[in-house]
Amino acid sequence: MNNVKNGKVAIVTGASRGIGAAIARRLASDGFAVVVNYAASSKEADTLVEELKAQGAAAIAVKADVSNADDVRRMFEATEQQLGKVDVLVNNAGIMKTLPLADTSDALYTQTFDINVRGTFNTLREAAARMNNGGRVINFSSTTLALNMPGYAIYNATKAAVEAFTHVFAKELRGRDITVNAVAPGPVATALFLEGKTEEQIQNFAKMPPLQRLGQPEDIASVVSFLAGPDSAWVNGQILRANGGVA
Ligand code: NAP
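Heads up: the sequence shown is residues 1 to 247, going by full-length UniProt numbering.
Given below as structure tokens:
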């Protein structure tokens, strides 16, 4: 951690665990004041905030279900009151449960679209009204969208929607000097990817990219750090597929 504060505020949704927690650590190290958003894992979120504060960063944990518009509005209000107006929004929160389309229940369809699509919509709508000019929005797609594997129809459909939001929202923010991009990771060793897979299935995924390993949360956090920082100023409306070359 360099401890040099940059005076900017970043919200990372779904930052209690997995990729989001690595992003929160990285952005804190980059000098951002960080909001660690979570829906259920309060213990993990509080522990992460204590870790970041111990390293000299400003950080708060904010419970908000991103699929709930009122929760999201309150998250932005809490952020403004405690840290200041938002400069960077990372829409990382998401779920993935793979099943053949024919076996997918109405409840799973609704839950996946509510968190992955409505959740992103809710934060983008709030961001349009409240973010500082010169800011950065980083959405989360997935490389599975390019692989078209059986079982991924609903999840991929949600990520296709997120990519569509990314392209259009970048243009709708014309004149604000805010970039809107998305990261599309390949397989990353988190609960979302590992849960429900056999060791053999995990190894098969690990062999897919020419770099011959699973991604780690820090691989993705580095990409988010770039997109959140000054060096990406001319990258806008793009989908960055960070996947070791798998597709
Ligand atoms: P993860 O380890 O399962 O973590 C998910 C995070 O999202 C948790 O912090 C969780 O917090 C939070 N979350 C879930 N539902 C939420 C809600 N309704 N409101 C707010 N937060 C919520 O997942 P991950 O692997 O880090 O995935 C992060 C993002 O990367 C997702 O968008 C995923 O689709 C994308 N991605 C992942 C992979 C991969 O292989 N891992 C590949 C491509 C794309 P709580 O525990 O508090 O609910």
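In this text, a Cβ means the ideal position worked out from N, Cα and C, and glycines have one as well.
Here the structure is a predicted model, which means the values were calculated and not measured.
S41 CB to nearest heavy atom of the ligand NAP below 6 Å: Translated into positions along the sequence shown, residue 41 becomes position 41. Yes, the beta carbon of S41 sits closer than 6 Å to at least one heavy atom of the ligand NAP.
Ignore the nearest five residues each way along the sequence and tell me which others in T166's own chain have a CB closer than 6 Å to its CB. Here residue 166 is taken as the residue at index 166 of the sequence shown, counted from 1. Cβ neighbours of T166 beyond the five flanking positions: N139, V180 and A182.
Within its chain, find whatever has a CB closer than 7 Å to the CB of G94; leave out the 5 residues flanking it on each side and keep chain order. Along the sequence shown, read from residue 1 onward, the residue named residue 94 stands at position 94. Excluding sequence neighbours, G94 sits near G14, I115, N116 and F140.
Could you name the residues of the same chain whose beta carbon sits closer than 6 Å to that of A10, not counting the 5 residues immediately before and after it, in chain order? Your numbering for residue 10 matches position 10 in the sequence shown. Hits under 6 Å: L27, F32, V34 and V88.
Measure the C-alpha to C-alpha separation of E163 and N236 and round it to an integer number of angstroms. Taking the first residue of the sequence shown as 1, we reach residue 163 at position 163. Taking the first residue of the sequence shown as 1, we reach residue 236 at position 236. Approximately 12 Å, taken between the alpha carbons.
Could you give the residue range of the alpha helix (DSSP H) that holds I202? By one-based count along the sequence shown, residue 202 stands at place 202. Per DSSP, I202 belongs to the alpha helix (DSSP H) from E199 to K207.
Is any non-hydrogen atom of the ligand NAP found closer than 6 Å to the C-beta of I239, if you look at the structure I gave you? In the sequence shown, the residue the question calls residue 239 occupies position 239. No, the Cβ of I239 stays beyond 6 Å of every heavy atom of the ligand NAP.
Where in the segment 6-58 do unbroken runs of the alpha helix (DSSP H), each at least 4 residues long, occur, reported from the N-terminal end onward? List check, alpha helix (DSSP H) in window: 18-30 and 42-54.
Who does N133 pair with in a DSSP beta bridge? To locate residue 133, count along the sequence shown from 1; it is residue 133. For N133, which the question treats as bridged, DSSP gives no partner whatsoever.
Could you tell me if the beta carbon of Y38 falls within a distance shorter than 6 Å of some heavy atom in the ligand NAP? Numbered from 1 along the sequence shown, position 38 holds the residue referred to as residue 38. Yes, the beta carbon of Y38 sits closer than 6 Å to at least one heavy atom of the ligand NAP.
I believe V62 touches T79 by the beta-carbon criterion, under 8 Å. Please report the beta-carbon distance rounded to the nearest angstrom. Here the question's residue 62 lines up with position 62 in the sequence shown. Here the question's residue 79 lines up with position 79 in the sequence shown. The pair is a contact, with the Cβ atoms about 7 Å apart (cut-off 8 Å).
Hey, would you say D103 sits closer than 7 Å to G134, going by beta carbons? Taking the sequence shown and counting its residues from 1, one reaches residue 103 at position 103. Taking the sequence shown and counting its residues from 1, one reaches residue 134 at position 134. Cβ atoms of D103 and G134: not closer than 7 Å.
Test item: CB-CB of A69 and N122 under 7 Å: Along the sequence shown, read from residue 1 onward, the residue named residue 69 stands at position 69. Along the sequence shown, read from residue 1 onward, the residue named residue 122 stands at position 122. Result yes, Cβ atoms of A69 and N122 sit closer than 7 Å.
Does the beta-carbon of D219, which I'm using as the reference point, lie nearer than 6 Å to any heavy atom of the ligand NAP? Looking up residue 219 in the sequence shown gives position 219. No, the ligand NAP has no heavy atom inside 6 Å of this Cβ.
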